[in-house]
Amino acid sequence: MNVYDNALRQLETAAKVMDLHPDTLLKLSSPERVVMASLPVKMDDGSLRMFQAYRVQYNSARGPYKGGIRFHPQVSLDEVKALSFWMAIKCATVDIPMGGGKGGVILDPKALSENEIERLSRAWIRAFRPVIGPEKDIPAPDVYTTPQIMAWMADEFSKLEGKPSLGVVTGKPVEFGGSLGRGTSTAQGGFYVLQAACQQLGLASSGLKMAVQGFGNAGATMASLLFAAGHKVVAVADSQSIVFNEAGLNIPELAIYKEKNRSVKNFPGTKEISFSEFFALDLDVLVPAALENQITADNADSIKAKILLELANGPTTPEADDILFKNKVVLIPDVLANAGGVTVSYFEWVQNLSNYYWSAEEVDQKLRDKMIPAWEAVWDAGQKYSVNLRTAAFVTALARIDLASRARN
Ligand code: GLU
């Protein structure tokens, strides 16, 4: 289950359906540029350690490369390639004028101190400085990278440039060039799409049974939004445990509990369930918001949810996609469902470049104005070609990338 192979299979499937121009298919079959670096970091005990780091600049047909940096022990070059390709598709799906890129560092962030993370983040910027910048490639947060890390990165880049250069990364703290609404935007965008999907499918706008896998930024914010809308979040999974209560979890209390205990494990009033039980729950909506390859040929058939909203990147394998489509589970793909994050990142970058900042209401309205038409375009493409919504999103995005790509030839 190599994620880059999965990504290329998704590309080929969509290319066939829409008869994509062979030149564009060829250009999208490999990244434009791959940069690797070893980051020397002085540890708190005085020793030196080297960390393997990547930046993949996949495609820039529609604009500067855009995409997050992941700090995780399972980062690999193939994973970063897949994620950067998905960023190119994602930006085109919501029609923002950016290309696709992604970065990563192989490390266990829980094993490093805050000072070590700061030195590593600054080292990342020094290593990749020649290839990034507000007009070239704009990183952002991803798994285990935070607004604070983005602040260190923007600061390091500005020092090297000898001038404030806030547009080099997005997802910064609001006090230091960040945009209002960026912190919650991944979940908020997914929430708008889910609302539209429920309407389309004739499902209620509250009281639905849901489960969320992952309780990081995207998953926890999504669970809060669902709870606030009156849905019943019956199960939440994090990397330590999966907690379940048929009557629904009190999400604000769970968030406080997780903050204190570092995990949802043993949250009062819940019972622990297994990974396979989680995916077989009787649900209306299932929200994977963790890592790749969680829904596979092994568990896809057990999924009873009517809607699967992919807040994570790449949680479903191509084999599982086919099973879910056959079982009439409406899968809203990552490149649409989690595109709210990069959309508000784009807004942040626009605000940085113009040095004029928008109200929270303005950001939220503009986010909605991107997500809803994107949902409609993807739904329509699904109907037109009789394909699942992933292929529909790819077809929508590839048509846009193709026009830009060939206009430049
Ligand atoms: N890491 C997020 C994603 O996968 C956000 C990227 C960005 O804001 O550039 O979409």
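Basically the numbering used here = 1-based index in the sequence shown + 29.
All C-beta atoms, glycine included, are put in the ideal place defined by N, C-alpha and C.
8 angstroms Cβ cutoff met for residue i and residue j
i: LEU112; j: GLY96; result: yes
i: TRP387; j: ILE167; result: no
i: PRO159; j: GLY196; result: no
i: LYS294; j: GLN269; result: yes
i: MET507; j: THR346; result: Not covered by the structure: residue 507. The range shown for the chain is 30 to 438.
i: ALA44; j: LEU55; result: no
i: ILE336; j: ILE361; result: yes
i: CYS120; j: VAL392; result: no
i: THR122; j: ALA169; result: no
i: SER214; j: VAL373; result: yes
i: ALA226; j: LYS201; result: no
i: ILE280; j: GLU301; result: no
Length of the line joining the Cα atoms of residue i and residue j
i: SER415; j: ALA421; result: 9 angstroms
i: PHE423; j: VAL104; result: 24 angstroms
i: ALA266; j: ALA341; result: 13 angstroms
i: ALA329; j: VAL316; result: 14 angstroms
i: PRO138; j: VAL172; result: 10 angstroms
i: ARG429; j: ARG148; result: 39 angstroms
i: ALA264; j: ALA252; result: 10 angstroms
i: LEU37; j: SER58; result: 7 angstroms
i: ARG397; j: GLY218; result: 7 angstroms
i: LYS287; j: PHE296; result: 8 angstroms
i: ARG62; j: GLN39; result: 21 angstroms
i: ILE146; j: ALA326; result: 37 angstroms
i: LEU278; j: VAL262; result: 6 angstroms
i: ALA66; j: TYR385; result: 35 angstroms
i: ALA156; j: VAL134; result: 12 angstroms
i: ASP73; j: GLU143; result: 10 angstroms
i: ASN274; j: ALA368; result: 30 angstroms
i: ASP431; j: PHE244; result: 36 angstroms
i: ARG99; j: GLU108; result: 10 angstroms
i: ALA403; j: MET179; result: 28 angstroms
i: MET239; j: GLY75; result: 48 angstroms
Neighbour-count burial assignment, residue i, 16 or more Cβ in a 10 Å radius
i: MET127; result: buried
i: GLN228; result: exposed
i: LYS289; result: exposed
i: GLY343; result: buried
i: ARG211; result: buried
i: SER208; result: buried
i: ILE285; result: exposed
i: PRO389; result: It is worth fixing the name first, because residue 389 is Ala in this sequence and not Pro. Exposed, by the Cβ-count rule.
i: TYR87; result: buried
i: ALA276; result: exposed
i: ARG78; result: exposed
i: ALA140; result: exposed
i: TYR375; result: buried
i: ASN438; result: exposed
i: GLY132; result: buried
i: ASN246; result: buried
i: PHE186; result: buried
Coil, strand or helix - residue i by DSSP
i: PHE23; result: The requested residue 23 is not part of the displayed model; the chain covers only 30 to 438.
i: PHE100; result: strand
i: MET79; result: strand
i: MET47; result: helix
i: THR213; result: coil
i: ARG291; result: coil
i: PRO347; result: helix
i: GLY130; result: strand
i: ILE361; result: strand
i: GLY298; result: coil
i: ASN88; result: strand
i: VAL379; result: helix
i: LYS261; result: strand
i: VAL172; result: coil
i: ILE125; result: coil
i: ALA309; result: coil
i: LYS95; result: strand
i: ILE285; result: helix
i: ILE324; result: strand
i: ALA266; result: strand
Any non-hydrogen atom of ligand 2 closer than 7 angstroms to residue i Cβ
i: SER374; result: Among the ligands modelled here, namely ligand 1, ligand 2 does not occur.
Segment limits, beta strand (DSSP E) that includes residue i
i: ILE23; result: An answer regarding residue 23 cannot be provided, because it is not within the stretch 30 to 438 covered by the chain.
i: MET65; result: 62 to 71
i: MET239; result: 238 to 242
i: PRO138; result: Premise fails: PRO138 is in no beta strand (DSSP E) and is neither H nor E.
i: ALA165; result: Sequence inspection shows Lys at residue 165; the Ala mentioned does not correspond to that position. Segment: none, LYS165 is in no beta strand (DSSP E) and carries neither H nor E.
Opening and closing residue of the alpha helix (DSSP H) in which residue i lies
i: SER187; result: 176 to 190
i: VAL316; result: No alpha helix (DSSP H) contains VAL316, which is instead part of the beta strand (DSSP E) from 314 to 317.
i: ASP431; result: 418 to 436
i: ARG155; result: 143 to 157
i: GLY411; result: 389 to 414
Cutoff 8 angstroms: residue i Cβ touching any chain D Cβ
i: PRO362; result: Within the model displayed, chain D is absent; a lone protein chain is all it includes.
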